[in-house]
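First comes the structure, then the notes that go with it.
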Amino acid sequence: MPTPLISKRAPIYADVPDEKWNDWRWQLSHRLNTVEDIEKVLNLTESERKALQTQGLFRVDVTPYFISLIDPEDANDPVRKQIIPVSEELNAFTSMMEDSLAEDRHSPVPGLVHRYPDRVLMLVTTQCASYCRYCTRSRIVGDPGQTFNRQDFEAQIDYLKRTPQVRDVLLSGGDPLVLAPKILEELLTRLREIPHIEIVRIGSRVPVFMPMRITQELCDMLAKFHPLWLNIHVNHPNEISLELAEATDRLSRVGIPLGNQSVLLAGVNDCVHMQRELVQKLTRIRVRPYYLYQCDLVEGSGHFRTPVAKGIEIIEGLRGHTSGYAVPQFIVDAPGGGGKIPVMPNYMLSMSDHKVIVRNYEGFVTTYEEPTEYKSHDPKTCKFCQSKRVEPGQTGLTGLLDGEQLFIKPEGFDELHNRDGIQHRLRDENKWKPLGIGSGETD
Numbered sequence: 017m018p019t020p021l022i023s024k025r026a027p028i029y030a031d032v033p034d035e036k037w038n039d040w041r042w043q044l045s046h047r048l049n050t051v052e053d054i055e056k057v058l059n060l061t062e063s064e065r066k067a068l069q070t071q072g073l074f075r076v077d078v079t080p081y082f083i084s085l086i087d088p089e090d091a092n093d094p095v096r097k098q099i100i101p102v103s104e105e106l107n108a109f110t111s112m113m114e115d116s117l118a119e120d121r122h123s124p125v126p127g128l129v130h131r132y133p134d135r136v137l138m139l140v141t142t143q144c145a146s147y148c149r150y151c152t153r154s155r156i157v158g159d160p161g162q163t164f165n166r167q168d169f170e171a172q173i174d175y176l177k178r179t180p181q182v183r184d185v186l187l188s189g190g191d192p193l194v195l196a197p198k199i200l201e202e203l204l205t206r207l208r209e210i211p212h213i214e215i216v217r218i219g220s221r222v223p224v225f226m227p228m229r230i231t232q233e234l235c236d237m238l239a240k241f242h243p244l245w246l247n248i249h250v251n252h253p254n255e256i257s258l259e260l261a262e263a264t265d266r267l268s269r270v271g272i273p274l275g276n277q278s279v280l281l282a283g284v285n286d287c288v289h290m291q292r293e294l295v296q297k298l299t300r301i302r303v304r305p306y307y308l309y310q311c312d313l314v315e316g317s318g319h320f321r322t323p324v325a326k327g328i329e330i331i332e333g334l335r336g337h338t339s340g341y342a343v344p345q346f347i348v349d350a351p352g353g354g355g356k357i358p359v360m361p362n363y364m365l366s367m368s369d370h371k372v373i374v375r376n377y378e379g380f381v382t383t384y385e386e387p388t389e390y391k392s393h394d395p396k397t398c399k400f401c402q403s404k405r406v407e408p409g410q411t412g413l414t415g416l417l418d419g420e421q422l423f424i425k426p427e428g429f430d431e432l433h434n435r436d437g438i439q440h441r442l443r444d445e446n447k448w449k450p451l452g453i454g455s456g457e458t459d
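Taking the numbering used here as reference, the numbering of the sequence shown is continuous, increasing by one, and the terminal residue is 459.
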């Protein structure tokens, strides 16, 4: 039988009436952020004390609910490591970046990131209920001076109205669910007024940091804007409490599909057995594991980083060892703005023109016979292929596979190799077709 989920409350909050404890506004207004506050709950280490007293580090704020999940005597508590700073945050590391995902470079207007052809990331606030020490957007999140104003909001909406290829909007930040209810509802209403936006997604850690925010009133409001999807962020089984289960149940009952995005963190969740328990507990509360992210190269996160091989090992230990829908994709969010790249164990061992050799999770190796008379799909007679709309330069490898391109060239390739016109002559002789955006850029 699964271990029953429980509620926790640090001793310092024993006398707080349930009416206040279960009020999300009370939780926000009583967040802990100083040495004096936090040491009332936790026995701080010297490393933690030093970091909390250092100026210029990423913001600290922890809800009373979330800090209550921590074992106050365990310096290696996996929940503690995510939210309490340590002196290692001061250490630089190789390839460290401020904006590791190059989001600012893909922002046509402030707060809007248009990296993929048909979907955008909309940053609607820089505030969170609590702050993760490995935050990808620590360059702006938590900084009161980096807030998005009404003018930014109108510019984002205007861009979406005049960009018809966008069908999917992901709200993030900061955390959209810390917005005032009326502002959040107005935002969703404005998005739903744009005909070509098919779905809205919300990325939020509020259900984990402050599950009392997920009231029935909030759920009923969100349900007015279907299809609406919500991804939460749980990194360790210890974060799955009775309160979180009740919050996800309310969301599920109003028809909101739930997913989970985790970050692979050294000393927190870099254990395949722990990850198996995590994904199984998530599915029990009706949250499907979606992504397991490799930790980004953001400043202050060096001590959280693991080798990419650790993530592949974890997927190896999940695939076949638990339900298929409980296995997330392991993702490397490419530094420099390349986007999300799935990485997984190699299950295909070899191939020929008539069969492939594959293995399963146990190491069982078998062959799969390929069809001998396969009539290839003809894009010239396919109505979907004929009606496709693709932004210039966005076809990538599919452009090679469907025959529209023979190569993808890095920027400046022609100039580098144009010796006495050889490149141009070869291109004419072979009737090669360029990428289609002039310079050969693939961005």
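Backbone N, C-alpha and C fix where the C-beta goes; we use that ideal spot for every residue, glycine too. These numbers come from a predicted model, not from an experiment.
6 Å Cβ shell around ILE256 - same chain, five flanking residues per side excluded: LYS297
In three-state terms, what does DSSP make of MET360? coil
Looking at C-beta atoms only, is the number of pairs between the region 268 to 280 and the region 231 to 238 that lie closer than 8 Å three or more? yes
Please work out which residues of its chain come closer than 6 Å, Cβ to Cβ, to VAL157, disregarding the five sequence neighbours upstream and downstream, and give them in chain order. Correct list, in chain order: THR142, CYS151, GLY190.
Of the listed residues ALA145, SER188, GLN172, nearest to ARG153 (C-alpha basis): ARG153 has its Cα closest to that of SER188, out of ALA145, SER188, GLN172.
Buried or exposed: which applies to THR397, given that a residue is buried once 16 or more other Cβ atoms fall within 10 Å of its Cβ? THR397 is exposed by the Cβ-count criterion.
Based on DSSP bridge pairs, tell me the residues matched to ASP184. ARG135, ILE215
Helix, strand or coil for ASP236? Go by DSSP, reduced to three states. helix
Does DSSP put ILE347 in a helix, a strand or coil? strand
If you follow the beta strand (DSSP E) that VAL381 is part of, which residue opens it and which one closes it? 381 to 385
Looking at the structure shown, is LYS36 part of a helix, part of a strand, or coil, going by DSSP? helix
Any 3 or more C-beta pairs closer than 8 Å across the region 74 to 87 and the region 286 to 300: no
Should ASP120 go down as buried or exposed, given a rule of 16 or more other Cβ atoms within 10 Å for buried? So ASP120 ends up on the exposed side.
How long is the line joining the alpha carbons of GLN125 and VAL185, rounded to whole angstroms? In the sequence as presented, Gln is not what sits at residue 125; that position holds Val. So the two alpha carbons sit approximately 15 Å from each other.
Measuring CB to CB, does GLY318 end up less than 9 Å from GLU378? Not in contact: GLY318 and GLU378 (Cβ atoms no closer than 9 Å).
Status (buried if at least 16 other CB within 10 Å, exposed otherwise) for HIS249: With 16 or more Cβ atoms within 10 Å of its Cβ, HIS249 is classed as buried.
When you compare the CB positions of LYS56 and LEU48, do they come within less than 9 Å of one another, or not? yes
In angstroms, rounded to a whole number, what distance separates the CA positions of ARG25 and ILE347? 34 Å
Quick check on DSSP: helix, strand or coil for LEU203? helix
Would you say VAL279 and CYS148 are within 9 Å of each other, going by their C-beta atoms? Cβ atoms of VAL279 and CYS148: closer than 9 Å.
Quick one: using the 10 Å Cβ neighbour count with 16 as the cut-off for buried, is SER84 buried or exposed? buried
According to DSSP, is ARG304 helix, strand or coil? In the structure shown, ARG304 sits in a strand (DSSP, three-state: E or B).
Beta-carbon proximity list for ASP134, same chain, < 8 Å, skipping 5 on both sides: GLN181, VAL182, ARG183, ASP184
What residue range is occupied by the uninterrupted beta strand (DSSP E) comprising LEU258? That residue, LEU258, is in no beta strand (DSSP E); its alpha helix (DSSP H) goes 258 to 269.
Counting only the same chain and skipping the five closest in sequence on each side, list residues whose C-beta sits under 7 Å from that of LEU203. VAL140
At the level of alpha carbons, what is the spacing between SER268 and CYS311? 29 Å
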